[in-house]
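Novice:
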Amino acid sequence: MNSVGTKKAGIAVWVVLALVAVSAIAFTSGYYLGKINAEQSVGVTVIDDYGRTIELKGTPARIVSTAPTPTEILFAVGAGDRVVGVDDYSDYPAEVANLTKVGSVELNVEVILSLKPDLIISSDLVPTAQLNQLEQRGIPYVILAARTIDDVFRDLKMVGVITDHILEANDLVAQLQSRVDAIKEKTLADGVSKPKVYLEFYPMWTYGPGSFGDDLMKLAGGTNIAGTTSEEYVPITDEFVIAQNPDVILYTVGSNYNGTTPDTIAARPGWSGISAIADAKVYPIDDNLVSRYGPRIVDALEQLAEIIHPELF
Amino acid sequence: MGKKGATSEWAQLSTLARRRVLVLLGLILLLAASIFAAIFIGTLGPIGPGDPVRISFAEALRALFQHSGDWVPIFWDVRIPRVLLAALVGAALACAGTAMQAVFRNPLADPYIIGVSSGAAVGAASAGLLGLTAAVATFLPPMFAFVSALLTVFLVYFLGTVRRKVRVDTLLLSGVAVAAFLGAVVSFLIYFAKEQFHQLIFWLLGSLSLASWDVVAVVLPVVVVGALVVFLHGRDLNALLLGEETAHNLGIDPEHLKRLMLGVAALMTAVAVAFTGIIGFVGLIVPHMMRLVLGADHRLLVPASTLFGATFLIWSDAVARTVVAPTVLPVGIITALCGGPFFIYLLRRSGSGGE
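Structure, rendered in structure tokens:
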């Protein structure tokens, strides 16, 4: 009798300690409010990248991801076992090949409902109208829409909180942060040159200010030739690139478009005199690394830094 | 002679009337059967790929008629509103297309001819650009599209009206010009709304994925009343096809008729487009299909097109939902892909056959 009582008291103490720990971590992270429900599991309230407030009762056990970025983030924080369905484009990590596919731009609502998810994590690629409909049917959704590496770290922590993988997420972010710091230490040190970089994600389209690519080029120690344009994604002209005369040219290969090679770039009208082409500094980069705002963005940063500043590595 | 002539005339009329009743009954039955069948079609089955799980016919019937089991929401919240919305939008587009083709006396006229689609697109794009997505309020983007569509129609109507008379050729050209201009505006807005790009493309291709009972409840009265108004003017549309002067001599006010038909068609099209985006080909091709099969009598053509438009879009959407499941194709791709060749087949057949 007594021993049962102490056991109960012991459990209660542990529960309280766990809740305190969770809420402490939660509050120090600063972007969501820990909400504690003593009888049931811990409920959390998060604010997603669209500024929406989402209240979750307990830890979601069945999550559908409707874009590659949340899929990669869920698996990275160790919550891959909670993922019951992914969009058609999710292909990383390899395990997702076996998961149920739920459509892409137009979501397959009946498949999603049949998976009985308690949360959908999506990105800014998916039309919100359909997500709202699912929300009305009782399935909340969280949007990830990072624009910088720091945003990615925030998203990783947020997904860690949502899935109750807070420590894993924080460890991962710390590791990634130290890799980013190691790059920055070299590329952003005093006296290091800032080569002009043209990074195209599709022929004649590049990243403008406030975009992900712009952040990557800056952190990798380059100067984005389109960094002073007005849009996040900019269509660019031959004249502009020739006038800017980039020292390094990067183009994406992979799932989106594979028609570009150093030869097709050199063959563009008037481009042969560009420094990058004269010096043969034209390189491919995996478009899934630069276009998905998950942990692999740090791989992209490392590759970019080594391409832009081979002398530092 | 008089008596005999009257009897044979009556007999002839009666055959026509009987044929008309039979055709319409057939089309009503076809529509009802299509609605019923399409409810069973989907990624989860019973008719369809059945992946990741297959719903059996027994479970489907239980969900449908006894309202029990796990699959009730799949049928009652997802599929039934979607099939009904497909029927309503298909009916609206085909009915509006028939009316437009009669008013313009032009086989290329479709429900979008006076700027409804381009106007709605500008509305949808500006709602997106202003950040007024469905996240703010579900009905806000459709409201924008609807209002902008009607404003555009008023503009085109104003441009096409000379001395208080609707000049159909001027109206047609105004529609084309305004549509081209607004098309450029949409492209421009898309350029500056990269984040909204996916949402807009989704809308521009046409999709029934936003179907819900609320949407059905908004669209239903507009389409039913609109189709009835056009239907009741079938005889007048026949007269209008003979020329405005002839119509006038037959006691019809062509100005009033044109204005009414344009208004009703625009209203039906605008409400459909607001919720589903631009679904092409239905409003152009279904009236022609029916005309090739049934002839140009609008007393039969209007209800036949309306009913068959509903059936056509239901089946197009059923294909869109299952052909590359779990990916759902925009239904506009299917309507063009299936409608185009089928229409050419009918056209060639009627051209080579004994007209």
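In the order they appear, the protein sequences are chains A and B. So our numbering is basically just the index in the first sequence, starting at one, shifted up by 40. So our numbering is basically just the index in the second sequence, starting at one, shifted up by 1. Note that the Cβ used here is the ideal one computed from N, Cα and C, for glycine as well.
When the Cα of Gly312/B is compared with those of Trp72/B, Asp71/B and Ala93/B, which residue comes out closest?
Specialist: Stepping through the second sequence from its first residue, residue 312/B is reached at position 311. A small fix is needed here, since residue 312/B is Thr in this sequence, not Gly. Closest option to Thr312/B, Cα to Cα, is Ala93/B.
Novice: Work out the CA separation of Ala337/B and Trp311/A for me, nearest whole Å.
Specialist: Within the first sequence, numbered from 1, the residue matching residue 311/A stands at position 271. Within the second sequence, numbered from 1, the residue matching residue 337/B stands at position 336. Rounded to whole angstroms, Trp311/A to Ala337/B spans 41 Å at the Cα level.
Novice: Against chain E, which members of the segment 134–148 of chain A pass a CB distance test of less than 8 Å?
Specialist: Here the protein chains are A and B, and chain E is not one of them.
Novice: Quick one: Cα of Phe147/B to Cα of Gly333/B, how far?
Specialist: The residue given as residue 147/B occupies position 146 in the second sequence. The residue given as residue 333/B occupies position 332 in the second sequence. Whole-angstrom Cα-Cα distance: 19 Å.
Novice: From which residue to which residue does the beta strand (DSSP E) around Leu184/A run?
Specialist: Residue 184/A sits at position 144 when you count from the first residue of the first sequence. Where Leu184/A is concerned, the enclosing beta strand (DSSP E) stretches over Tyr181 to Leu184.
Novice: Would you say Ser154/A faces chain B, with C-beta separation under 7 Å as the test?
Specialist: The count along the first sequence starts at 1 and reaches residue 154/A at position 114. Cβ-Cβ to chain B under 7 Å: yes for Ser154/A.
Novice: Thinking Val274/B and Ala180/B are a contact (beta carbons under 8 Å), I'd like their distance in whole angstroms, please.
Specialist: Translated into the one-based positions of the second sequence, residue 274/B becomes position 273. Translated into the one-based positions of the second sequence, residue 180/B becomes position 179. Rounded, the Cβ-Cβ distance is 13 Å, inconsistent with contact.
Novice: For a contact meaning CB atoms closer than 8 Å, what does Arg80/B contact in chain A?
Specialist: What you label residue 80/B is simply residue 79 of the second sequence in a count that begins at 1. Those are Glu150, listed as they occur along chain A.
Novice: Counting only the same chain and skipping the five closest in sequence on each side, list residues whose C-beta sits under 6 Å from that of Leu330/B.
Specialist: As a position in the second sequence, residue 330/B is number 329, starting the count at 1. Correct list, in chain order: Ala321.
Novice: Between Pro167/A and chain B, is there a C-beta pair that is closer than 7 Å?
Specialist: Here residue 167/A refers to the residue found at position 127 when the first sequence is read from its first residue. Judged by the 7 Å Cβ criterion, Pro167/A is in contact with chain B.
Novice: In the DSSP assignment, find the alpha helix (DSSP H) that holds Asp326/A and state where it starts and stops.
Specialist: Against the first sequence, residue 326/A aligns to sequence position 286. Counting along the chain, Asp326/A falls outside any alpha helix (DSSP H), though it belongs to the beta strand (DSSP E) covering Val322 to Asp326.
Novice: Note down, in chain order, all residues in the segment 203–227 of chain B with a beta-carbon under 7 Å from any beta-carbon belonging to chain A.
Specialist: Residues Phe203, Ser208, Ser210, Leu211 and Ser213.
Novice: Helix, strand or coil: which one does DSSP assign to Glu272/A?
Specialist: Within the first sequence, numbered from 1, the residue matching residue 272/A stands at position 232. In this structure, Glu272/A counts as coil in the three-state DSSP scheme.
Novice: If you measure between the beta carbons of Pro100/A and Leu159/A, is that distance less than 7 Å?
Specialist: Position 60 of the first sequence, counting from 1, holds the residue named residue 100/A. Position 119 of the first sequence, counting from 1, holds the residue named residue 159/A. Contact: yes.
Novice: Which residue from Arg80/B, Leu86/B and Tyr346/B puts its Cα closest to that of Gly207/B?
Specialist: Taking the second sequence and counting its residues from 1, the one referred to as residue 207/B is at position 206. When only C-alpha atoms are compared, the closest one is Leu86/B.
Novice: Between which two residues does the alpha helix (DSSP H) holding Val283/B run?
Specialist: Your numbering for residue 283/B matches position 282 in the second sequence. Val283 to Leu295 is the extent of the alpha helix (DSSP H) around Val283/B.
Novice: Closer than 9 Å between beta carbons: that is the criterion. Which residues of the segment 49–63 of chain B meet it against chain A?
Specialist: Those would be Asp52, Pro53, Val54 and Ile56, in chain order.
Novice: Quick check: what's the CA-CA separation for Pro133/A versus Asn148/A?
Specialist: As a first step, residue 133/A is located in the first sequence; it is residue number 93 there, counting from the start. As a first step, residue 148/A is located in the first sequence; it is residue number 108 there, counting from the start. Cα to Cα, Pro133/A sits roughly 22 Å from Asn148/A.
Novice: Note down, in chain order, each residue of its chain lying with its Cβ closer than 7 Å to the Cβ of Leu221/B, except the 5 sequence neighbours on either side.
Specialist: Stepping through the second sequence from its first residue, residue 221/B is reached at position 220. Result list for Leu221/B: Leu89, in chain order.
Novice: Check whether the Cβ of Asp128/A lies closer than 7 Å to any Cβ atom in chain B.
Specialist: Counted from its first residue, the first sequence places residue 128/A at position 88. Yes, Asp128/A counts as interfacial toward chain B.
Novice: Please state the DSSP three-state secondary structure of Ile115/B.
Specialist: In the second sequence, residue 115/B corresponds to position 114, counting from 1. If DSSP states are grouped into helix, strand and coil, Ile115/B belongs with coil.
Novice: Near Leu17/B, what residues of its chain come up, given a Cβ to Cβ distance below 8 Å and the 5 sequence neighbours on each side ignored?
Specialist: One-based indexing of the second sequence puts residue 17/B at position 16. For Leu17/B, where only same-chain residues beyond five positions count, there are no Cβ hits under 8 Å.
Novice: Mind reading off the beta-carbon distance from Gly184/B to Val157/B? Whole number of angstroms is fine, and I expect it under 8 Å.
Specialist: Mapped onto the second sequence, residue 184/B falls at position 183. Mapped onto the second sequence, residue 157/B falls at position 156. Not confirmed; about 14 Å, so no contact.
Novice: Just to confirm my understanding: we take Ala119/A, look at its own chain, exclude 5 residues before and 5 after, and list those with CB closer than 6 Å. What are they?
Specialist: Numbered from its first residue, the first sequence carries residue 119/A at position 79. Here the set comprises Thr203 and His205.
Novice: Check Thr68/A in the structure and name its three-state DSSP category.
Specialist: To locate residue 68/A, count along the first sequence from 1; it is residue 28. Because the pLDDT at Thr68/A is just 44, under 50, the model does not fix this residue reliably, and the point stays unresolved.
Novice: Rounded C-beta distance between Asn264/A and Asp278/A? I'm assuming under 8 Å.
Specialist: Start at 1 with the first residue of the first sequence, and residue 264/A comes out as number 224. Start at 1 with the first residue of the first sequence, and residue 278/A comes out as number 238. Between Asp278/A and Asn264/A the Cβ distance is about 18 Å, and since that is not below 8 Å, they are no contact.
Novice: Would you call the segment 33–45 of chain B and the segment 65–81 of chain B touching, i.e. three or more CB-CB distances under 8 Å?
Specialist: Touching, yes, given that three or more Cβ pairs across the two stretches are closer than 8 Å.
Novice: Pick helix, strand or coil for Trp72/B, following the three-state DSSP scheme.
Specialist: Within the second sequence, residue 72/B is the residue found at index 71, counting from 1. In this structure, Trp72/B counts as coil in the three-state DSSP scheme.
Novice: So, at 6 Å on beta carbons, what are the nonlocal neighbours of Asp326/A in its own chain, with the 5 sequence-adjacent residues on each side left out?
Specialist: Along the first sequence, read from residue 1 onward, the residue named residue 326/A stands at position 286. The residues are Gly294.
Novice: List the residues of chain B that Arg356/A touches, going by C-beta distances under 9 Å, in chain order.
Specialist: Nothing about residue 356/A can be read from this structure; chain A reaches only from 41 to 353.
Novice: If we ignore side chains and look at the alpha-carbon of each, how far apart do Arg83/B and Pro309/A end up?
Specialist: Reading the second sequence from its first residue, position 82 is the one you call residue 83/B. Reading the first sequence from its first residue, position 269 is the one you call residue 309/A. About 51 Å.
Novice: Taking C-beta pairs closer than 8 Å, name the residues in chain B that Gln170/A reaches, listed in chain order.
Specialist: The residue labelled residue 170/A in the question sits at position 130 within the first sequence. Ser210 and Leu211, listed in chain order.
Novice: DSSP three-state call for Arg20/B: helix, strand or coil?
Specialist: Counted from its first residue, the second sequence places residue 20/B at position 19. It is helical.
Novice: Only counting the same chain, and skipping five residues up and downstream in sequence, which positions put a Cβ closer than 7 Å to that of Val104/A?
Specialist: The residue you call residue 104/A lines up with position 64 of the first sequence. Cβ neighbours of Val104/A beyond the five flanking positions: Val124, Gly125, Val142, Ile152, Leu155, Pro157 and Ile160.
Novice: CA-CA distance, Asn285/A and Asp127/A?
Specialist: Mapped onto the first sequence, residue 285/A falls at position 245. Mapped onto the first sequence, residue 127/A falls at position 87. Between Asn285/A and Asp127/A, the C-alpha separation is close to 40 Å.
Novice: Just checking: is the beta-carbon of Val329/B within a distance shorter than 7 Å of some beta-carbon in chain A?
Specialist: The residue you call residue 329/B lines up with position 328 of the second sequence. It does; some Cβ of chain A falls within 7 Å.
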